[in-house]
Amino acid sequence: MEDIVAIRYGFQAWENYKKPLEIISRRDPDTPVELYMDSLSPIECLQVENWLQETLEAKTGRKLSGV
Numbered sequence: 005m006e007d008i009v010a011i012r013y014g015f016q017a018w019e020n021y022k023k024p025l026e027i028i029s030r031r032d033p034d035t036p037v038e039l040y041m042d043s044l045s046p047i048e049c050l051q052v053e054n055w056l057q058e059t060l061e062a063k064t065g066r067k068l069s070g071v
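Structure follows, in structure tokens:
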């Protein structure tokens with residue numbers, strides 16, 4: 005958990021395209037772990053992103069970057 009520097013999710017409404025949730029690590033920032041959540045709506049994916057960020061910040065005591 006200490007190695008995670010950012011968690012991000014993106015959605016392009018004009019293309020109706022959901023990007024995967026990305027978990028970016030300090031050791032390998034150019035190759036994030038990608039989580040595809042096809043069964044969730046974009047709003048639900050944003051909720052997962054926010055929950056993960058809040059949970060990691062609470063457990064590590066540090067704010068994640070907005071990479």
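40 is the number that this note's numbering gives to position 36 of the sequence shown; each next residue is one higher, with no gaps.
Every residue, glycine too, gets a C-beta built ideally from N, C-alpha and C.
Just so we're clear, the structure is a prediction, and the values are computed from it rather than from any experiment.
Exercise for the section: May I have the straight-line CA-CA distance separating Ser-45 from Val-9, to the nearest angstrom? Expected result: So the two alpha carbons sit approximately 25 Å from each other.
Problem - N- and C-terminal bounds of the beta strand (DSSP E) containing Ala-10 - result: 8-12
Exercise for the section: Can you give me the start and stop residues for the beta strand (DSSP E) that Glu-38 sits inside? Expected result: Per DSSP, the unbroken beta strand (DSSP E) holding Glu-38 starts and ends at 37-39.
Exercise for the section: Look up Leu-25 in the DSSP assignment and give the residues it is bridged to. Expected result: Leu-39
Practice task
Measure the alpha-carbon distance for Ser-69 versus Gln-16 and round it to whole angstroms.
Solution key: Each residue's Cα considered, the two are about 22 Å apart.
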